[in-house]
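Asker: Input: one structure, supplied below.
Protein chains in written order, with my numbering: chain A, 108 to 214; chain B, 2 to 113.
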């Protein structure tokens, strides 16, 4: 069965500090992993996907198959990064989400 | 370009009343379609998904059902709402695997 775990419901860091949002997954096949973000009063939107190996808004995420993790990182947090972040795993034609981490960037 | 429409944006319904939420996608054909529920403290829960007309897969047994009468239309229904059906319902579509999903703006359902 597919499962995604985000151990932190809430994360608060100061502006300019590094950010790491943790995500661990469980899946017997070859996973496709994503991070989604929901800013206040906006739609849930795709932030990045591991297959693209991209950096969006300064965020990166590396798939570690040995640790079954896909942590989201940014070296210097900005206030506009405050949002709800969801890690998601796609397999068997469906996308399964973690419970989400609410990130708050303090000025 | 592709767009996804979901309505209504908010809905207040009494317990025992029926429900019909509609989602349509424009600018694409044969999309994969999904219904999720977003509840506080529980993240995003996949309810139903469809890979084609008339094909519905249910993830969670509950008081809801889904139908796909047309290629780009996905409907979430209930014959009799329960208080526990309250929540934020999101429709999403995907052109194929590995490209991520695009979400609608959601429907806030309150059952009273």
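A virtual CB, placed ideally from N, CA and C, is assigned to each residue, including glycine.
(1) Please say whether residue 198 of chain A and residue 113 of chain A have beta carbons closer to each other than 8 Å?
(2) In this structure, does DSSP put residue 178 of chain A in helix, strand or coil?
(3) At what residue ranges does the segment 155 to 201 of chain A contain a whole run of the beta strand (DSSP E), taking only runs of 3 or more?
(4) Just verifying my parser: in three-state terms, what is the DSSP assignment at residue 83 of chain B?
(5) Kindly indicate which residue of B/34, B/40, B/3 and B/33 has the alpha-carbon position closest to the one of residue 27 of chain B.
(6) What does residue 193 of chain A reach in chain B if we use C-beta pairs closer than 8 Å?
(7) Pick from A/168, A/211, A/118 and A/183: whose alpha carbon is nearest that of residue 140 of chain A?
(8) With the cut-off set at 8 Å, would you say residue 75 of chain B and residue 34 of chain B are in Cβ contact?
(9) Which residues in the same chain have their Cβ closer than 6 Å to the Cβ of residue 59 of chain B, if we skip the five residues on either side of it in sequence?
(10) What is the DSSP secondary structure of residue 23 of chain B, counted as helix, strand or coil?
(11) Take residue 47 of chain B and list the residues in its own chain whose beta-carbon comes closer than 6 Å to its own, dropping the five residues that flank it on each side.
(12) Against chain A, does residue 189 of chain B count as a neighbour if the rule is that its beta carbon must be under 8 Å from one of theirs?
(13) Going by DSSP in three states, residue 54 of chain B sits in which element: helix, strand or coil?
(14) Does the segment 15 to 32 of chain B come into contact with the segment 176 to 186 of chain A, if we say contact requires no fewer than three beta-carbon pairs (one atom in each stretch) closer than 8 Å?
(15) I believe residue 195 of chain A touches residue 111 of chain A by the beta-carbon criterion, under 8 Å. Please report the beta-carbon distance rounded to the nearest angstrom.
(16) Is the Cβ-Cβ distance between residue 134 of chain A and residue 109 of chain A less than 8 Å?
(17) Select from B/102, B/87 and B/92 the residue whose C-alpha is nearest the C-alpha of residue 200 of chain A.
(18) Helix, strand or coil: which one does DSSP assign to residue 137 of chain A?
Answerer: Put simply:
(1) no
(2) coil
(3) 179 to 181 and 190 to 198
(4) coil
(5) B/3
(6) 44 and 45
(7) A/168
(8) yes
(9) 49
(10) strand
(11) 37 and 60
(12) In the structure as shown, chain B starts at 2 and stops at 113, and residue 189 of chain B therefore has no counterpart that could be examined.
(13) coil
(14) no
(15) 6 Å
(16) yes
(17) B/102
(18) coil
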